[in-house]
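*Asks:* Could you have a look at this structure, given as structure tokens, before my questions?
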Amino acid sequence: MAVAKVAYFPGCSLEGFGKSYDESAKFTARALGVELATIDDYSCCGAIEAKRADELSSYLLPARNLALAKKHMNADSLVTPCNGCHYTMRRATTEMKKRPTLVEDVNQLLGEAGEPAYDGKSDVRHFLEYLFNEHGPDAVKAKVKRPLKGLKVVTYYGCLYVRPKIYSAAGKDARHDNPEYPVFMDELLRAAGAEVVEWDGKTDCCGGGHALGDEDNSLKLSASVLEQARQAGADVLTTNCPLCGAALDVRYNDLKSRFGDSIQMPVTYFTQLLGLAFGGSAKDVGLGLQYSGASEALKKRGVV
Amino acid sequence: MENVVVIGGGPAGLKAAAELRSLGLDVALVEKAGVLGGTPVQEKFALLAPELRPAEEVVGALVKAVQQDGVQVHLNSTVTAVAGQGKDFTLTVQNGKGEERLQAGAVIIATGYEHFDPSVKPEYGYGVFPDVITSAQLEGMLSDGKVVRPSNGQVPKKVAILQCIGSRDAQVERKYCCRVGCVVASKQAVELRQKYPDMQVYIFYMDIRTYGRGFEELYWKAQDDFGVRFIRGRGAEVRRRGDELLLKAEETLKARASETPFDMVVLTVGMGPSEGTKAMASLFGLPVAEDGFVEPADRMLAPVSTKAAGVFVAGTALGPKDIEDAALEGAAAALRAAAYLKGGK
Amino acid sequence: MAVAQSPTVVVDGVELTGEWMNFLPFRVETDPFDDALLKETMTLPGGESLAKCWQCGTCSAGCTMNPYVDGFNPRQFIDLVRLGDWEEIRAKSDQIWRCASCQKCTHRCPKEVNTADVVGAITALLERRGVYAKPTNAEVFAEIFMDQVTNHGRIEEAKMGQEFYLKTGRAGELAKRAGMGMQMMLKGQMKLFGGAKVKHWKGMQEVLKRRRAAAGGAH
Numbered sequence: 086m087a088v089a090k091v092a093y094f095p096g097c098s099l100e101g102f103g104k105s106y107d108e109s110a111k112f113t114a115r116a117l118g119v120e121l122a123t124i125d126d127y128s129c130c131g132a133i134e135a136k137r138a139d140e141l142s143s144y145l146l147p148a149r150n151l152a153l154a155k156k157h158m159n160a161d162s163l164v165t166p167c168n169g170c171h172y173t174m175r176r177a178t179t180e181m182k183k184r185p186t187l188v189e190d191v192n193q194l195l196g197e198a199g200e201p202a203y204d205g206k207s208d209v210r211h212f213l214e215y216l217f218n219e220h221g222p223d224a225v226k227a228k229v230k231r232p233l234k235g236l237k238v239v240t241y242y243g244c245l246y247v248r249p250k251i252y253s254a255a256g257k258d259a260r261h262d263n264p265e266y267p268v269f270m271d272e273l274l275r276a277a278g279a280e281v282v283e284w285d286g287k288t289d290c291c292g293g294g295h296a297l298g299d300e301d302n303s304l305k306l307s308a309s310v311l312e313q314a315r316q317a318g319a320d321v322l323t324t325n326c327p328l329c330g331a332a333l334d335v336r337y338n339d340l341k342s343r344f345g346d347s348i349q350m351p352v353t354y355f356t357q358l359l360g361l362a363f364g365g366s367a368k369d370v371g372l373g374l375q376y377s378g379a380s381e382a383l384k385k386r387g388v389v
Numbered sequence: 057m058e059n060v061v062v063i064g065g066g067p068a069g070l071k072a073a074a075e076l077r078s079l080g081l082d083v084a085l086v087e088k089a090g091v092l093g094g095t096p097v098q099e100k101f102a103l104l105a106p107e108l109r110p111a112e113e114v115v116g117a118l119v120k121a122v123q124q125d126g127v128q129v130h131l132n133s134t135v136t137a138v139a140g141q142g143k144d145f146t147l148t149v150q151n152g153k154g155e156e157r158l159q160a161g162a163v164i165i166a167t168g169y170e171h172f173d174p175s176v177k178p179e180y181g182y183g184v185f186p187d188v189i190t191s192a193q194l195e196g197m198l199s200d201g202k203v204v205r206p207s208n209g210q211v212p213k214k215v216a217i218l219q220c221i222g223s224r225d226a227q228v229e230r231k232y233c234c235r236v237g238c239v240v241a242s243k244q245a246v247e248l249r250q251k252y253p254d255m256q257v258y259i260f261y262m263d264i265r266t267y268g269r270g271f272e273e274l275y276w277k278a279q280d281d282f283g284v285r286f287i288r289g290r291g292a293e294v295r296r297r298g299d300e301l302l303l304k305a306e307e308t309l310k311a312r313a314s315e316t317p318f319d320m321v322v323l324t325v326g327m328g329p330s331e332g333t334k335a336m337a338s339l340f341g342l343p344v345a346e347d348g349f350v351e352p353a354d355r356m357l358a359p360v361s362t363k364a365a366g367v368f369v370a371g372t373a374l375g376p377k378d379i380e381d382a383a384l385e386g387a388a389a390a391l392r393a394a395a396y397l398k399g400g401k
Numbered sequence: 032m033a034v035a036q037s038p039t040v041v042v043d044g045v046e047l048t049g050e051w052m053n054f055l056p057f058r059v060e061t062d063p064f065d066d067a068l069l070k071e072t073m074t075l076p077g078g079e080s081l082a083k084c085w086q087c088g089t090c091s092a093g094c095t096m097n098p099y100v101d102g103f104n105p106r107q108f109i110d111l112v113r114l115g116d117w118e119e120i121r122a123k124s125d126q127i128w129r130c131a132s133c134q135k136c137t138h139r140c141p142k143e144v145n146t147a148d149v150v151g152a153i154t155a156l157l158e159r160r161g162v163y164a165k166p167t168n169a170e171v172f173a174e175i176f177m178d179q180v181t182n183h184g185r186i187e188e189a190k191m192g193q194e195f196y197l198k199t200g201r202a203g204e205l206a207k208r209a210g211m212g213m214q215m216m217l218k219g220q221m222k223l224f225g226g227a228k229v230k231h232w233k234g235m236q237e238v239l240k241r242r243r244a245a246a247g248g249a250h
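Residue numbers (the working numbering), protein chains in the order written: chain A, 86 to 389; chain B, 57 to 401; chain C, 32 to 250.
Right, dumping it as structure tokens:
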């Protein structure tokens, strides 16, 4: 099978709290015949903090990565599994397409830093959108070795995969997901045999952005997401965002001690579920790195 | 040639055809649907604002004039090609049976508008929750004499009407005002309160724009005589909670966000150019403005003329308007076409 | 404060002189509109689209933080800035910085106001005008974040948490979380030595340092 190579931008989080997302994304991609080739020497996208510090830096940081992908891999688009990077980089590419002088200003700085110039044309894709459009439910179905039969899942997309649509293009064309009720994860997981449970929390905010800044409210927002998922009757919640993963899963003990059993809800990445369906082991998809009891919940349903 | 083809059988086209006949010209009227009357008939408008006059009475009269005056009517027909120019057009018309050719010295385009499809804004739950309906659907219910929740067939007790859905909204590339939504909502609210005195009716709005003659009076009537509640805040989101719909909106004068239960939500949908209008603009090479409607030769000085000699335009193909104004433009376009054929400019 | 003046008052037939009504303020504001606040906010990063707002309330109605923080109302923040009502804006300084950046407001705004960015700009205005006695948590976080990016090219989440607790004077909480840190190290999610570093970064480091210094903010 020919292996397609994709310029992969993991983002800082996937080297930290989102390590299991990184491992499982790579495993899932490989199973579908895709190599996620990390952009060599990539750097932080700048998140929302860069624009607080300096507007131009918030375009400079994404531009460096886009230029590297172009220079070293001849890639006109990069794929990222992180909602935060997705937002930051699509904001940058959108604004730079709208205002060509920004590209000039950014290239001036890239030149001074001894970095390659950015051509202003690149596209940024979310790994979920990429999987859905380039492979899709049928390709997933064809690779399933161990269907996720009987597993009740709520899909949690968080904020920055669809919002704001001026950057995400959600709802603007067929390539992008529904701006209020996204479905791409639902369809991929259904193709893998899971039972996707309807709920209202799909694009609620987990408060992860203020995990440190406004911890009290941040925990309440996370608790609300987990509580809704529990009330919907899901076995596991699954997400496509490492920041949501960190807020809901890594903080699980904090949440549990504060809100008790009402928030009991194992958190997974959608790539972990797909990877398991493709025949991967718990280790292949980094299941041991989850804090909220994903392994146990999946064992109970015979998925692991 | 002393004849004119009018494309579109709504208020503007009907009025144009009748006026051309009164000037002694031969007229052919091409209508896509199987009936004359345009959107008011196809979408079953009940009473017209601001006089609460039956739509049938007004549009019916326009249709009757055309039928009695010897206009050659082509129903279920669309114009698919045009050849010639100046005072000698040949239009290819497609109908169920095949093609035919119509000769014309001048053409009037009155192909109208289409309501905004609110499923493009999924936050309002249209197409997901059955009790979220459009203003056009409510109009149909009022016309049929019974307003019920599609989910259970019961008369709703508490109704929210949300203004500017697909109007004045940059997110869906519709920056313009539909011009009739405010008076239509006021009218529908009055009708609901008249018919069901126990029903609570709330209108969520950003600005109330009742510019037409008699519009403001109807807005007053809704408040003064019918207890319709006007809430100054744009609806943001509709969710379902059990059997009810939950509307999120801010009462901006109070600076409080609210979640209010309703059992029916009506979306006052905006107006955009119809497929027919877009097709005719491209067929006749007419420029369209940023809003998607046909751009006339000069909005102030030649409002129903176009850059193409012998091609005139009227009604909502030129932008949102009410029936009164559409018919008025139909008459104006008829006059321009007649003057053109008589050798004037 | 505007006052009503009455030079004479007659009490029981005796005329008294003096400004008797000085203590009664008018309830009507005199010349309340001040453009300066609007202009200043619009020059701050993210503030550019502020003047487009027409106060429909779509942002506040759907806002994530509104139900959690009393008085968190993006529409009203914008209104107050536009009116030039500095006192009211200042009174809301402990709410404004709490925006969770969920982007629902920007997503839905019918006028394409970048509402989330505007709220960020209003926060920056408050910081700039020295309203906060000490940097807000959000500001500290942003600074640590940008320090890591500037110095190493990437950030390390766990380390950021440590620094945050130390910088906000909460070493105690950090200690409480040490157990968690151990757990993460064992799982391999937290690196023991060094951190994520970009190799070719010196030039970028210089540029970022210069840009941040020129921006002049605390970060």
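Heads up, the beta-carbon is just placed ideally off N, CA and C, and yes, glycines get one too.
All of these numbers come straight from a predicted model, not from anything done at the bench.
Are the CB atoms of A:G293 and A:A331 within a distance shorter than 8 angstroms?
*Replies:* Indexing the first sequence from 1 puts residue 331 of chain A at position 246. Indexing the first sequence from 1 puts residue 293 of chain A at position 208. Yes, they are a contact pair.
*Asks:* Could you round the C-beta distance between B:A226 and B:V60 to whole angstroms and report it? I think they count as a contact, below 8 angstroms.
*Replies:* The residue given as residue 226 of chain B occupies position 170 in the second sequence. The residue given as residue 60 of chain B occupies position 4 in the second sequence. Actually they do not touch by this definition, with Cβ atoms about 39 angstroms apart.
*Asks:* Can you find the residues in the same chain that come closer than 6 angstroms, C-beta to C-beta, to C:H250, ignoring five residues on each side of it along the sequence?
*Replies:* Sequence index remark: in the third sequence, residue 250 of chain C carries index 219 (1-based). Unreliable placement is indicated for C:H250, whose pLDDT of 42 sits below 50; no coordinate value is reported for it.
*Asks:* Where does C:K135 land, buried or exposed, given buried means 16+ other C-beta within 10 angstroms?
*Replies:* Position 104 of the third sequence holds residue 135 of chain C. With 16 or more other Cβ atoms within 10 Å, it is buried.
*Asks:* Using the beta-carbon of each residue, which ones in chain B are nearer than 7 angstroms to A:Y266?
*Replies:* Against the first sequence, residue 266 of chain A aligns to sequence position 181. Result: P178.
*Asks:* Jot down the residue ranges of each uninterrupted alpha helix (DSSP H) in the region 248-336 of chain B, minimum 4 residues, whole runs only, in chain order.
*Replies:* If we require 4 residues or more, the alpha helix (DSSP H) runs fully inside the region 248-336 of chain B come out as 271-280.
*Asks:* With a threshold of 8 angstroms between beta carbons, is C:C94 in contact with chain E?
*Replies:* This model lacks chain E altogether; the protein chains it does include are A, B and C.
*Asks:* So is A:Y241 buried or exposed if we call it buried at 16+ other beta carbons inside 10 Å?
*Replies:* As a working note, residue 241 of chain A is residue 156 in the first sequence. Under this definition A:Y241 is a buried residue.
*Asks:* Please state the DSSP three-state secondary structure of B:S361.
*Replies:* Translated into the one-based positions of the second sequence, residue 361 of chain B becomes position 305. The answer is strand: DSSP assigns B:S361 an E or B state.
*Asks:* Note down, in chain order, each residue of its chain lying with its Cβ closer than 8 angstroms to the Cβ of B:V176, except the 5 sequence neighbours on either side.
*Replies:* If you number the second sequence from 1, residue 176 of chain B lands on position 120. Cβ neighbours of B:V176 beyond the five flanking positions: G222, V228.
*Asks:* In terms of DSSP beta bridges, what is B:P110 paired with?
*Replies:* Your numbering for residue 110 of chain B matches position 54 in the second sequence. For B:P110, which the question treats as bridged, DSSP gives the partners B:L103.
*Asks:* Hey, C:G93 and B:A292 are a contact pair by Cβ (cut 8 angstroms); roughly how many whole angstroms apart?
*Replies:* Position 62 of the third sequence holds residue 93 of chain C. Position 236 of the second sequence holds residue 292 of chain B. Indeed, because the Cβ distance is near 4 angstroms, the residues count as touching under 8 angstroms.
*Asks:* For C:T74, count neighbouring C-beta atoms within 10 Å of its own C-beta (all shown protein chains included) and say buried if the count is 16 or more, exposed if not.
*Replies:* The sequence position of residue 74 of chain C within the third sequence is 43, counting from 1. So C:T74 ends up on the exposed side.
*Asks:* Within the same chain, show all residues whose beta-carbon is closer than 7 angstroms to that of A:N192, passing over the 5 residues directly before and after it, in chain order.
*Replies:* In the first sequence, counting from the first residue as 1, residue 192 of chain A sits at position 107. The answer, listed in chain order, is A202, Y203.
*Asks:* Taking the beta strand (DSSP E) that C:I127 belongs to, which residues open and close that run?
*Replies:* Within the third sequence, numbered from 1, the residue matching residue 127 of chain C stands at position 96. It is not in any beta strand (DSSP E) - C:I127 instead sits in the alpha helix (DSSP H) that spans 124-127.
*Asks:* At the 8 angstroms Cβ level, is B:D225 part of the contact set with chain C, yes or no?
*Replies:* Reading the second sequence from its first residue, position 169 is the one you call residue 225 of chain B. Cβ-Cβ to chain C under 8 angstroms: yes for B:D225.
*Asks:* Check whether the region 97-107 of chain C and the region 116-132 of chain C are in contact - that is, three or more C-beta pairs closer than 8 angstroms.
*Replies:* Touching, per the Cβ criterion.
*Asks:* Taking only three categories from DSSP, how would you classify B:R230?
*Replies:* By one-based count along the second sequence, residue 230 of chain B stands at place 174. B:R230 falls in the strand class under three-state DSSP.
*Asks:* In whole angstroms, what is the alpha-carbon distance linking A:K234 and A:G278?
*Replies:* Start at 1 with the first residue of the first sequence, and residue 234 of chain A comes out as number 149. Start at 1 with the first residue of the first sequence, and residue 278 of chain A comes out as number 193. Cα to Cα, the separation comes out at about 5 angstroms.
*Asks:* Which full runs of the beta strand (DSSP E) of 3+ residues lie inside the region 146-227 of chain B, going along the chain?
*Replies:* Entirely contained in the region 146-227 of chain B, the beta strand (DSSP E) runs reaching 3 residues are, in chain order, 154-160, 162-165, 169-171, 188-190, 214-221.
*Asks:* Examine chain B for any beta-carbon lying closer than 8 angstroms to the beta-carbon of C:G88, and answer yes or no.
*Replies:* As a working mapping, residue 88 of chain C is identified with position 57 in the third sequence. Yes, C:G88 counts as interfacial toward chain B.
*Asks:* Establish whether the CB of B:E293 and some CB of chain C are separated by less than 8 angstroms.
*Replies:* Here residue 293 of chain B corresponds to residue number 237 of the second sequence, with the count starting at 1. Closer than 8 angstroms: yes.
*Asks:* Taking 8 angstroms as the cut-off, does the region 145-159 of chain C touch the region 105-117 of chain C (at least 3 CB pairs, one atom from each stretch)?
*Replies:* Yes: the two stretches touch, three or more of their Cβ pairs being nearer than 8 angstroms.
*Asks:* Does the beta-carbon distance from B:V135 to B:V122 come in below 8 angstroms?
*Replies:* Sequence index remark: in the second sequence, residue 135 of chain B carries index 79 (1-based). Sequence index remark: in the second sequence, residue 122 of chain B carries index 66 (1-based). Not in contact: B:V135 and B:V122 (Cβ atoms no closer than 8 angstroms).
*Asks:* What separation, rounded to the nearest whole angstrom, lies between the Cα atoms of B:F368 and C:E119?
*Replies:* Translated into the one-based positions of the second sequence, residue 368 of chain B becomes position 312. Translated into the one-based positions of the third sequence, residue 119 of chain C becomes position 88. Approximately 56 angstroms between the Cα atoms of the pair.
*Asks:* Using the beta-carbon of each residue, which ones in chain B are nearer than 9 angstroms to C:Q193?
*Replies:* Within the third sequence, numbered from 1, the residue matching residue 193 of chain C stands at position 162. The premise fails here: C:Q193 is roughly 37 angstroms from chain B at the closest Cβ pair, so nothing lies under 9 angstroms.
*Asks:* Expressed to the nearest angstrom, what Euclidean distance is found between the alpha-carbon atoms of C:T89 and B:L158?
*Replies:* Here residue 89 of chain C corresponds to residue number 58 of the third sequence, with the count starting at 1. Here residue 158 of chain B corresponds to residue number 102 of the second sequence, with the count starting at 1. Using only the alpha carbons, I get a separation of about 51 angstroms.
*Asks:* Alpha carbon to alpha carbon, what distance is there between A:D190 and B:P174?
*Replies:* In the second sequence, counting from the first residue as 1, residue 174 of chain B sits at position 118. In the first sequence, counting from the first residue as 1, residue 190 of chain A sits at position 105. The alpha-carbon atoms of B:P174 and A:D190 are separated by roughly 41 angstroms.
*Asks:* Closer than 8 angstroms, CB to CB, is B:R290 near chain C or not?
*Replies:* Within the second sequence, residue 290 of chain B is the residue found at index 234, counting from 1. For B:R290, the answer is yes, since a Cβ of chain C falls inside 8 angstroms of its Cβ.
*Asks:* Tell whether a beta-carbon distance below 8 angstroms holds between B:V325 and B:F172.
*Replies:* Along the second sequence, read from residue 1 onward, the residue named residue 325 of chain B stands at position 269. Along the second sequence, read from residue 1 onward, the residue named residue 172 of chain B stands at position 116. Cβ distance < 8 angstroms, so B:V325 and B:F172 count as in contact.
*Asks:* Suppose you measure from the CA of A:G360 to the CA of B:G371; what does that come to, to the nearest Å?
*Replies:* Looking up residue 360 of chain A in the first sequence gives position 275. Looking up residue 371 of chain B in the second sequence gives position 315. C-alpha separation (whole angstroms): 58 angstroms.
*Asks:* Of all the CB atoms in chain C, is at least one closer than 8 angstroms to the CB of B:A216?
*Replies:* Residue mapping note: residue 216 of chain B aligns to position 160 of the second sequence, counting from 1. Judged by the 8 angstroms Cβ criterion, B:A216 is not in contact with chain C.
*Asks:* Under 7 angstroms Cβ-Cβ, which residues of chain A neighbour C:V229?
*Replies:* Reading the third sequence from its first residue, position 198 is the one you call residue 229 of chain C. Within 7 angstroms Cβ-Cβ: D126, S128.
*Asks:* Can you pull the chain C residues whose beta carbon is under 8 angstroms from the beta carbon of B:A305, in chain order?
*Replies:* Position 249 of the second sequence, counting from 1, holds the residue named residue 305 of chain B. G88, A92, listed in chain order.
*Asks:* Report the rounded CA-to-CA distance for B:V203 versus B:L194, giving the unit in angstroms.
*Replies:* The residue you call residue 203 of chain B lines up with position 147 of the second sequence. The residue you call residue 194 of chain B lines up with position 138 of the second sequence. Spanning the two alpha carbons is a distance of roughly 7 angstroms.
*Asks:* Reducing DSSP to helix, strand and coil, say where C:H250 ends up.
*Replies:* The residue you call residue 250 of chain C lines up with position 219 of the third sequence. Unreliable placement is indicated for C:H250, whose pLDDT of 42 sits below 50; no coordinate value is reported for it.
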